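FYI, in mature numbering (1 follows the signal peptide of the UniProt record, and there is no 0) the residues of the sequence shown are -20 to -1, 1 to 173.
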Amino acid sequence: MPPLRGAAFLLGCLLAESEACSLHLAKKCRGYECEDPVFPVLDYDTKKHKCVCIPHPCWNVRRCPADKPYPIFNFDADSKINCTCSTKAICNSKYVASVKCPGHMCADDSQHPILDFDDKEKSCICRAHPCWDDDGQRHDCDSETHPLLRYREELSRSGAVKSKCECSTILPIPGKGGAGSKEAVRKYRDEEL
């Protein structure tokens, strides 16, 4: 990784507070971020018609054991959440899983673990993580404290789009609940995109 790009990726690892991996969601919420670690998941609220920050959907449903510490979820065809635990930190969108693709789930141990909605085909798909091929560069997060690799898209005031891969946490904050939402923060990146 070139030094400047490596430094930017490392800085993203340290500062990241928003989660998205779905390309559909990244496009829908382009330029938005979540800054509160209690509400770290960037998602879309269909009732409010805007991007929001939510806690992980499973934080109030189930705690994961030490041998499978990372919560993962899907929604069945009746839109009921199913929370399980995994050895891999996977980021999925509640909006994609519950609104666009209820009844679908991708295997967390596969080469295509991210549930997404393909706008062109109008169908649900399991895709490889977008950060596994970021202009030919593969990103991974090997830290125990920040194991979750996330993807989002930054936006400049001129409309330029830049892919952003970040490492973050997926574990709940002790003593903090897992309900509610906050507005996502729109941030423009006017640096060189």
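For each residue, glycine too, the CB sits at the ideal point set by N, CA and C.
Quick caveat: nothing in here was measured; it's all calculated off a predicted structure.
Less than 8 Å divides the Cβ of residue 3 from the Cβ of residue 96. In the DSSP annotation of this structure, residue 7 is not part of any beta strand (DSSP E); the continuous alpha helix (DSSP H) holding it starts and ends at 3 to 8.
Collapsing the DSSP output to three states places residue 138 in coil. Under the 10 Å beta carbon count, residue 40 is surrounded by fewer than 16 other beta carbons and is classified as exposed. CA-CA distance, residue 19 to residue 35, rounds to 4 Å. The three-state secondary structure of residue 80, taken from DSSP, is helix. With fewer than 16 other CB atoms across the displayed protein chains lying within 10 angstroms of its CB, residue 138 is exposed. The alpha carbon of residue 7 has as its nearest neighbour, out of 150, 165, 146 and 142, the alpha carbon of 142.
A Cβ-Cβ contact shorter than 8 Å links residue 92 with residue 108.
Apart from the 5 residues on each side of it in sequence, residue 63 sits with its Cβ closer than 8 Å to the Cβ of 37, 38, 41, 42, 51, 52 and 53 in its chain, given in chain order. In the DSSP assignment, residue 51 falls within the beta strand (DSSP E) that extends over 50 to 55.
Taking the Cα positions, residue 12 is about 9 Å away from residue 163. Of the other Cβ atoms in all chains shown, 16 or more fall within 10 Å of the Cβ of residue 146; this residue is therefore buried. Counting only runs of 3 or more residues that sit fully inside the segment 14 to 63, the beta strand (DSSP E) segments are 21 to 25, 30 to 34 and 50 to 55, in chain order.
In this structure, the beta-carbon distance from residue 110 to residue 9 does not fall below 8 Å. For the 8 Å CB-CB criterion, residue 82 and residue 99 do not form a contact.
Pairing residue 168 with residue 136 gives a Cβ-Cβ distance under 8 Å. Assignment of residue 99 by DSSP, reduced to helix, strand and coil, places it in the coil class.
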